[in-house]
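*Asks:* Numbering-wise, the numbering used here comes out as the position in the sequence shown, counting from 1, plus 18. Just so you know, even glycine gets a beta-carbon here, dropped at the ideal spot from N, CA and C. Every value quoted in this text rests on a predicted model; they were computed, and no experiment measured them.
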Amino acid sequence: MRGLYYGMEYYSSWITFVLPFLLLAFYAQYKIKSTYNKFSKVSSGTVNSGADIARIILDRNGLRNVRVNQVGGTLSDHYDPRTKTVNLSRDVYRGNSISSVSIAAHEVGHALQDAEEYIPLKIRSAIVPIANLGSRFVWPMIFLGVAIAPFFIELGIALFLGVILFQVVTLPVEFNASSRAIAQLENGIIEMDQINGSKKVLRAAALTYVTAALVSVGELFRILSMTENRRRN
Numbered sequence: 019m020r021g022l023y024y025g026m027e028y029y030s031s032w033i034t035f036v037l038p039f040l041l042l043a044f045y046a047q048y049k050i051k052s053t054y055n056k057f058s059k060v061s062s063g064t065v066n067s068g069a070d071i072a073r074i075i076l077d078r079n080g081l082r083n084v085r086v087n088q089v090g091g092t093l094s095d096h097y098d099p100r101t102k103t104v105n106l107s108r109d110v111y112r113g114n115s116i117s118s119v120s121i122a123a124h125e126v127g128h129a130l131q132d133a134e135e136y137i138p139l140k141i142r143s144a145i146v147p148i149a150n151l152g153s154r155f156v157w158p159m160i161f162l163g164v165a166i167a168p169f170f171i172e173l174g175i176a177l178f179l180g181v182i183l184f185q186v187v188t189l190p191v192e193f194n195a196s197s198r199a200i201a202q203l204e205n206g207i208i209e210m211d212q213i214n215g216s217k218k219v220l221r222a223a224a225l226t227y228v229t230a231a232l233v234s235v236g237e238l239f240r241i242l243s244m245t246e247n248r249r250r251n
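#1: Roughly how many angstroms separate the alpha carbons of residue 221 and residue 72, rounded to a whole number?
#2: So is residue 119 buried or exposed if we call it buried at 16+ other beta carbons inside 10 Å?
#3: Suppose the cutoff is 8 Å on Cβ atoms and the five residues either side in sequence are ignored; what does the same chain contact list for residue 188 look like?
#4: What three-state label does DSSP hand residue 26 in the structure shown?
#5: Do residue 117 and residue 58 count as a contact pair if the criterion is CB distance below 8 Å?
#6: Just reading off the beta strand (DSSP E) that residue 98 is part of, what are its end residues?
#7: Give me, in chain order, the residues of the same chain whose beta-carbon lies closer than 6 Å to that of residue 184; leave out the 5 immediate sequence neighbours on both sides.
#8: Who are the near neighbours of residue 212 in its chain, counting only those whose CB is closer than 7 Å to its CB and skipping five residues on each side?
#9: Applying the criterion that 16 or more other CB atoms from any shown protein chain within 10 Å of the CB defines a buried residue, is residue 124 buried or exposed?
#10: Throw me the rounded Cβ distance for the residue 164 and residue 177 pair, which I believe falls under 8 Å.
#11: Here's the rule: buried if 16 or more other CB atoms are within 10 angstroms of the residue's CB, otherwise exposed. What is residue 159?
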């Protein structure tokens, strides 16, 4: 009966604290994909590809040491501060749609942050190992805490706080990169009547980071609720 009780508690807390934010996250994924697909069919009005745009912005900001690479996947674009590379998915790298140039400019925005030693980016990079540990071991620690000693529960919660911190710090990093991207695009790269489309693409992308943070916060409240109920019992 005790196992059945904990099983019911597990799913009840999941429905209460996680499901609403998870549904929002699904909506965010739908929004970014639909917005990306929509504006991938709209020309940016320039003959330059996403890779060209990235190179132009990097060069005019004195970042000739940063390379622009093509990588596999869809919406797999990212900047790697360790290798100083802007990595663009095939369609973004080769395309000249509003989606392509907007995402390319956004990733270059991270390169600009790195060059300026933007504090939130440095904090996020520093806590990546902690966040990875937290996301991987939080539930094993919780289960060990229930089965062996409450200390493991406290350790699991502490590790998961690293995940929360990572998600929260990610928000200003991403918003700032998008702001930098729009400023660069407005500076003679694409026509002003195309900027509104770029803003829509980047806003949709930003929503995914907001929902990821909310899902993590929901998970934290779920863990706290479950552990408190078990202490009482």
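*Replies:* On the basis of the coordinates in this document:
#1: Numbered from its first residue, the sequence shown carries residue 221 at position 203. Numbered from its first residue, the sequence shown carries residue 72 at position 54. Using only the alpha carbons, I get a separation of about 19 Å.
#2: Against the sequence shown, residue 119 aligns to sequence position 101. By the 10 Å Cβ count, residue 119 comes out buried.
#3: The sequence position of residue 188 within the sequence shown is 170, counting from 1. Answer for residue 188: 142, 227, 230 and 231, listed in chain order.
#4: In the sequence shown, residue 26 corresponds to position 8, counting from 1. For residue 26, the pLDDT reaches just 48, beneath the cut-off of 50, and the residue's location in the model is therefore unreliable, although a value from the coordinates is still provided. Looking at residue 26 - three-state DSSP - the assignment turns out to be helix.
#5: Taking the sequence shown and counting its residues from 1, the one referred to as residue 58 is at position 40. Taking the sequence shown and counting its residues from 1, the one referred to as residue 117 is at position 99. Yes, Cβ-Cβ distance for residue 58 and residue 117 is below 8 Å.
#6: Residue 98 sits at position 80 when you count from the first residue of the sequence shown. Its beta strand (DSSP E) spans residues 96-98.
#7: On the sequence shown, position 166 is the one that residue 184 refers to. Around residue 184: 145 and 149.
#8: Taking the sequence shown and counting its residues from 1, the one referred to as residue 212 is at position 194. Counting only Cβ-Cβ distances below 7 Å, and skipping sequence neighbours, we find 62, 63 and 116.
#9: Position 106 of the sequence shown holds residue 124. With 16 or more other Cβ atoms within 10 Å, it is buried.
#10: The sequence position of residue 164 within the sequence shown is 146, counting from 1. The sequence position of residue 177 within the sequence shown is 159, counting from 1. With a Cβ gap of about 16 Å, residue 164 and residue 177 do not count as contacting.
#11: In the sequence shown, counting from the first residue as 1, residue 159 sits at position 141. Buried.
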